[in-house]
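K.L.:
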Amino acid sequence: MSRPVPTPSPETGLRALRALVKEGHPLAAMQVFHRELGDVFRIQLPGFTPIVMAGPEAARFVLVQGRHDFRWRNEDDPVTQLLRHGVLVEDGESHDYLRRLMAPSLHRHMLDGYTKIIIESTDQVTRTWKPDRAPDMLIEMRKIALLVLTRSLFQSDISSEMSKLWDSILGVIAFISPGVWMIWRSAPRPSYRRAIQRLDQYLYRMIHLRRQELETIENKSDLLSTLILAGLDDNLIRDQLLTMLIAGHDTSTALLSWSLYLLGAHPDAYQRVRMEIDTVAGGDPNAVANCMGEMPFLQAVLEESLRLYPPIHLGSRLAAVDLEYDGYLIPAGERVIYSIYLTQRHPAHWSQPELFIPERHLGTHPAPYNWLAFGGGPRNCIGAAFGQLESRLILARILQQFDLRLLEKRVHPHMGATLEPRPGVRMRIQQRSG
Ligand code: HEM
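The numbering of the sequence shown is my numbering, which starts it at 775 and goes up by one.
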């Protein structure tokens, strides 16, 4: 007979509340629930009572074995209202069709063509840095990631519109972040509606222009051209572009800003990664691009950063039928969350899970589903190869050119659309000589 999923007792709830207040973020409370209730438990907030699952076995159940019994699409979620029929919120045939269509433009063989764009976009932003100002890396990494994304996947340049669209981009990210919508369903606030409208105008204009240019341009292998050539209508193309724009830049922004924060807070790792870059590439931007495979410590830093602060720290699903996992009943219609954050800090699977130890990734791969920063199974991250190349290149190029010193050390994970370092990652920068 299956058992009901455990819920926190008042004492556990109190300890979770204390952890939340002490650490300043709800994930600390989640860790208390996990420690005291195990790998499957239910959160109990007014109007929001999802089942949370953690650990490699639970992740494998949601992502692989039981995946046909879960739905990705939840009509109530702002992310569905925003992305409408974007690949991220579609199920079944429609999802598989869109994914097949878009996968080639993110495939490994396309990546070589993106390296120049990534280096140039990084340099374009870092050229504006002034030594007497301490830029916030959360903002700077977003600028770079937006340039890279639009230039590579849309063959379009957002530079001239960046300042005009900036607030709208932050607006839609706030719209899909956890918030009161979880307990109280209502129509989007007017400010969110305006943000969506402005981004829509930008995207529809870009689609319209590309339809006109398509006859004359030579390279039609980018994502936008692919979607037009496949015969999708403007609305469906807009949904995919917006999906990629948000999923493809907000994640890299978080990964890069966390990595810079962690390096700033761990001088030994910082010196080691810098020495590796200097040895392999010196000051040469081309060498950075060509020698990525020779920088294992840089790779380890990014993997450890993704382990401690996975930009997408959970996957949300709806149970399509009654399910049973590890003796627990999961009734049809329940929201199920698989927690990447808890899995990647699971004390049974990681030693010293709370510590930043990049060396743990050297010469080894973590057991499957212990580390799942890009999800897993057939609906893993479609942009994983792109995102990894991009973050390696950007980080290497910045460290190659600048000395960085972390100013704000009291940083906590903020649950936005991704897990962001807040209040930000302000760093004192100095151009390196030579
Ligand atoms: C550091 C960067 C990134 C991280 C950590 C990341 C993480 C993830 C994760 C964990 C998932 C699965 C979510 C789930 O199971 O519910 C996912 C899916 C997805 N990601 Fe990424 N991502 C990154 C970069 C990108 C990039 C660069 C793009 C596009 C250019 C992208 C587009 C997508 C899309 C469209 C999906 C949905 C795939 C599907 O449902 O078939 N991501 N990502």
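Virtual Cβ for every residue (Gly too), placed ideally from N, Cα, C.
From a predicted model like this one, the values you see are computed outputs, not experimental measurements.
Hey, Val779 and Ile825 are a contact pair by Cβ (cut 8 angstroms); roughly how many whole angstroms apart?
P.N.:
Confirmed, Cβ separation roughly 5 angstroms.
K.L.:
Taking Pro1195 and Ala1147 to be in contact with their CB atoms under 8 angstroms, please state how far apart those CB atoms are, rounded to whole angstroms.
P.N.:
About 16 angstroms; that fails the 8 angstroms criterion.
K.L.:
Is Gln1014 helix, strand or coil when you go by DSSP?
P.N.:
Gln1014: helix per DSSP, three-state reduction.
K.L.:
Output needed for Met1189: all residues of its chain with C-beta closer than 8 angstroms, excluding positions within five of it in sequence on either side, in chain order.
P.N.:
Excluding sequence neighbours, Met1189 sits near His799, Pro800, Leu801, Ser951, Pro952, His1087.
K.L.:
Quick one: Cα of Leu1163 to Cα of Leu788, how far?
P.N.:
Each residue's Cα considered, the two are about 43 angstroms apart.
K.L.:
Counting pairs of beta carbons, one from the stretch 1165–1176 and one from the stretch 1114–1123, are three or more of them closer than 8 angstroms?
P.N.:
Contact between the stretch 1165–1176 and the stretch 1114–1123 is absent, because fewer than three Cβ pairs lie under 8 angstroms.
K.L.:
Counting only runs that start and end within the stretch 1139–1190, where is the alpha helix (DSSP H) found for 4 or more residues in a row?
P.N.:
Correct list: 1158–1175.
K.L.:
Hey, would you say Gly1150 sits closer than 7 angstroms to Leu837, going by beta carbons?
P.N.:
It is a contact, given that the beta carbons lie within the stated cut-off.
K.L.:
In or out: Thr1017 buried (at least 16 other Cβ within 10 Å) or exposed?
P.N.:
It counts as buried.
K.L.:
On the DSSP bridge list, what partners appear for Arg1109?
P.N.:
DSSP, once it has assigned bridges, lists Leu1092 as partnering Arg1109.
K.L.:
Under 6 angstroms: does the beta carbon of Leu1076 sit that close to some heavy atom of the ligand MN?
P.N.:
Among the ligands modelled here, namely the ligand HEM, the ligand MN does not occur.
K.L.:
Should Val861 be counted as a contact of the ligand HEM given a C-beta to heavy atom distance under 6 angstroms?
P.N.:
Yes, the ligand HEM has a heavy atom inside 6 angstroms of this Cβ.
K.L.:
Tell whether a beta-carbon distance below 7 angstroms holds between Thr1025 and Thr889.
P.N.:
Not a contact, by the Cβ cut-off of 7 angstroms.
K.L.:
Please determine, among Phe1130, His1040, Thr823, Gln1205, the residue with the shortest C-alpha to C-alpha distance to Pro1105.
P.N.:
When only C-alpha atoms are compared, the closest one is Thr823.
K.L.:
So, is Arg1012 buried or exposed, given that buried needs 16 or more other C-beta atoms within 10 angstroms?
P.N.:
Buried.
K.L.:
Out of Ile981, Leu862, Phe1176, Met915, which one is the CA nearest neighbour of Trp1032?
P.N.:
With distances taken between Cα atoms, Trp1032 lies closest to Met915.
K.L.:
Would you say the beta carbon of Pro852 is closer than 6 angstroms to some non-hydrogen atom of the ligand HEM?
P.N.:
No, the beta carbon of Pro852 sits no closer than 6 angstroms to any heavy atom of the ligand HEM.
K.L.:
Are the stretch 876–886 and the stretch 992–1011 touching by the rule of at least three beta carbon pairs closer than 8 angstroms?
P.N.:
The stretch 876–886 is in contact with the stretch 992–1011.
K.L.:
Write down the C-beta distance between Val1054 and Glu1077 rounded to the nearest angstrom, noting that I regard them as a contact closer than 8 angstroms.
P.N.:
Val1054 to Glu1077, Cβ: 18 angstroms. No contact.
K.L.:
Can you tell which of Arg972, Asp974, Ile1002, Tyr976 has its C-alpha closest to the C-alpha of Gln986?
P.N.:
Answer by Cα proximity: Ile1002.
K.L.:
Looking at the structure shown, is Met915 part of a helix, part of a strand, or coil, going by DSSP?
P.N.:
Of the three classes helix, strand and coil, the one that applies to Met915 here is helix, per DSSP.
K.L.:
Excluding the 5 residues preceding and the 5 following Leu1080 in the sequence, name in chain order all residues of the same chain whose CB lies nearer than 7 angstroms to its CB.
P.N.:
Once the five neighbours on either side are set aside, the close Cβ partners of Leu1080 are Leu1029, Ala1147.
K.L.:
If we call anything under 7 angstroms between Cβ atoms a contact, is Thr1027 one with Ala919?
P.N.:
Result yes, Cβ atoms of Thr1027 and Ala919 sit closer than 7 angstroms.
K.L.:
Which residue's Cα is closest to the Cα of Tyr1102: Leu791, Ala803, Leu811, Pro784?
P.N.:
With distances taken between Cα atoms, Tyr1102 lies closest to Leu811.
K.L.:
Once the 5 residues before and after Leu885 are set aside, which same chain residues still bring their CB inside 7 angstroms of it?
P.N.:
Correct list, in chain order: Ala1159, Phe1160, Leu1163.
K.L.:
Closest to Thr896 by C-alpha separation, out of Pro962, Glu1182, Phe1176, would be which residue?
P.N.:
Among Pro962, Glu1182, Phe1176, the Cα nearest to that of Thr896 belongs to Phe1176.
K.L.:
Could you tell me if Thr924 is buried or exposed, where buried requires 16 or more neighbouring beta carbons within 10 angstroms of its beta carbon?
P.N.:
Answer is buried; the Cβ neighbour count reaches 16.
K.L.:
I need the straight-line Cα distance from Ser937 to His1186, nearest angstrom please.
P.N.:
Ser937 and His1186: Cα-Cα distance of roughly 27 angstroms.
K.L.:
Is Pro905 helix, strand or coil when you go by DSSP?
P.N.:
Note: Pro905 maps to coil in three-state DSSP.
K.L.:
For Tyr871, count the other beta carbons within 10 Å of its own beta carbon; 16 or more makes it buried, fewer makes it exposed. Which is it?
P.N.:
The residue in question, Tyr871, is exposed, as its Cβ has fewer than 16 Cβ neighbours within 10 Å.
K.L.:
In chain order, what are the residue ranges of uninterrupted alpha helix (DSSP H) at least 4 long that sit wholly in the stretch 824–898?
P.N.:
Counting only runs of 4 or more, we get 830–834, 852–857, 866–876.
K.L.:
Have a look at Arg845 and Glu864 and give me their C-alpha separation to the nearest angstrom.
P.N.:
So the two alpha carbons sit approximately 9 angstroms from each other.
K.L.:
Please look up how many angstroms separate the CB atoms of Tyr1035 and Val1199, rounded, as I've assumed it's under 8 angstroms.
P.N.:
That pair is a contact at about 5 angstroms.
K.L.:
Assuming contact is defined by CB atoms lying nearer than 7 angstroms, are Arg1153 and Leu1181 in contact in what I supplied?
P.N.:
Taking 7 angstroms as the Cβ cut-off, Arg1153 and Leu1181 do not qualify as a contacting pair.
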